[in-house]
Amino acid sequence: MSSDTLAKPAAAAEAAPVRIVAQRRLGQWTAAAVVLVLLGLAVNSVVRNEAFQWDVVADYFTSASVLRGLWLTLWLTAVVMVSGFALGTLLAAGRLSANPVLRSVSWGYVWLFRSMPILVQLLLWFNIGALYPQILGVKTVNLLGPVTVAIVGLTLHEAAYAAEVVRGGILSVDRGQIEAAQALGLSRWRRWWRIVLPQAMRSIVPPAGNMLIGTLKGTSIVSVIAVQDLLYSVQLVYHRTYQVIPLLMVATVWYVVVTSVLGVGQYYVEKHYARGSERTR
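When the letters of the sequence shown are read in order and numbered with our numbering, they come out as residues 207 to 487.
So this is what it looks like as structure tokens:
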């Protein structure tokens, strides 16, 4: 038998297509089925549980007192975020400064306010008159109202976290691009506005969006100092009607709705600043 005759079957075997058999994923499908069953049971228990009193939830969901509390929550969140990031940007600039005094003071601020629970900070500001009865000859007793205390306390707290978010975003920009902008003769302001900021925003927006949602939910803590936000508004109602669960569900559903809207907004803002960095096929 010639060598050519032996080589033909071997070549034909090598040229035959290889059949790829999909891997069986029985465990994953079983786990998915179990999760769906448990999820269905949970949803069914929430919908059919009469203790939630969904008719009461519907009655109070758009009531005047609840909407006023919702408006105050949204307004407080916006004011705190804008003020917190304005102060946080200054602190971040201090952290990145070549001046050792500015670096130390900024670091100390961030360290202190990140170490103190926000509830403690609010209570300290609320009782500032007990600590300092007079400041520059002005009596501090009842000087700050509950809403002002909430704004001051939340802003100082958020600024410490915003400073780290902004600092991290600035540090994420490649130093070589800044040096290239300097070589092109761009002014310091144009370097920051045209080169550093657009790229830093890619790293700043995701944690800033999380901070925004966290601040929205965190404003509920101001109810302890009698600020009539969303949570305090529903508390006033259920203290009168004793319908605790349905009124808490009113607040919960409103928080879910607003955070969902903010999440959608965050997605589009992230997509805007990610232009040019996304991979294209």
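C-beta: ideal position from N, C-alpha, C; glycine also.
Nearest candidate by alpha-carbon position, reference residue i, set the options
i      : options                        : result
THR283 : ALA366, LEU442, LEU360, GLN405 : LEU360
LEU490 : GLN441, GLU476, PHE258, ALA366 : With the chain covering only 207 through 487, there is no way to say anything about residue 490.
LEU325 : LEU362, ALA298, GLN259, VAL344 : LEU362
GLY424 : ARG397, LEU437, TYR266         : LEU437
ILE376 : MET287, ASN305, ARG446, GLY300 : GLY300
VAL286 : GLU385, VAL428, LEU308         : VAL428
LEU442 : ASN416, ALA248, TYR266, SER289 : TYR266
LEU293 : TRP277, SER312, ASN250         : SER312
VAL316 : TRP281, TRP277, LEU350, GLU364 : GLU364
Residue j beta carbon less than 8 Å from that of residue i
i      : j      : result
TYR275 : GLN434 : Looking at the sequence itself, residue 275 is Gly, so the reference to Tyr does not match. A contact, by the Cβ cut-off of 8 Å.
LEU422 : VAL475 : no
ALA298 : ARG231 : no
LEU390 : LEU468 : no
VAL462 : VAL272 : no
ALA336 : SER378 : no
VAL358 : LEU349 : no
Contact set for residue i: own chain, Cβ-Cβ below 8 Å, skip 5 residues either direction
i      : result
ALA414 : PHE291, ALA368, VAL371
ILE489 : The shown model of the chain, from 207 to 487, leaves out residue 489, and the question about it has no answer.
GLY246 : none
PRO339 : LYS345, THR346, VAL347
Neighbourhood of residue i by C-beta distance below 7 Å, restricted to the same chain and skipping five residues each side
i      : result
VAL470 : none
SER303 : ARG309
LEU342 : none
Cutoff 6 Å; reference residue i; Cβ partners in own chain excluding five residues on either side
i      : result
THR295 : VAL372
THR279 : THR425, ASP435, LEU436
Discussion item. Could you check whether the stretch 398–412 touches the stretch 322–339, counting it as contact only if at least three pairs of C-beta atoms, one from each stretch, sit closer than 8 Å?
Written reply: With a cut-off of 8 Å, the stretch 322–339 and the stretch 398–412 do not count as touching, because too few Cβ pairs lie within range.
Worksheet item: Should the stretch 448–460 be regarded as contacting the stretch 256–274, the criterion being three or more beta carbon pairs within less than 8 Å?
Response: With the cut-off at 8 Å, the stretch 448–460 and the stretch 256–274 touch.
Item to complete: Could you pull out every unbroken alpha helix (DSSP H) segment of at least 4 residues lying fully inside the stretch 247–271, listed in chain order?
Response: Counting only runs of 4 or more, we get 260–267.
Worksheet entry | Every unbroken alpha helix (DSSP H) inside the stretch 398–468 [4 residues or more] | Along the stretch 398–468, the alpha helix (DSSP H) occurs as fully enclosed runs of 4 or more residues at 403–424, 436–447, listed in sequence order.
Item to complete: Go through the stretch 318–384 residue by residue and report every complete run of the alpha helix (DSSP H) that reaches 4 residues or more, in order.
Response: Here the runs fully enclosed are 324–332, 334–337, 352–377.
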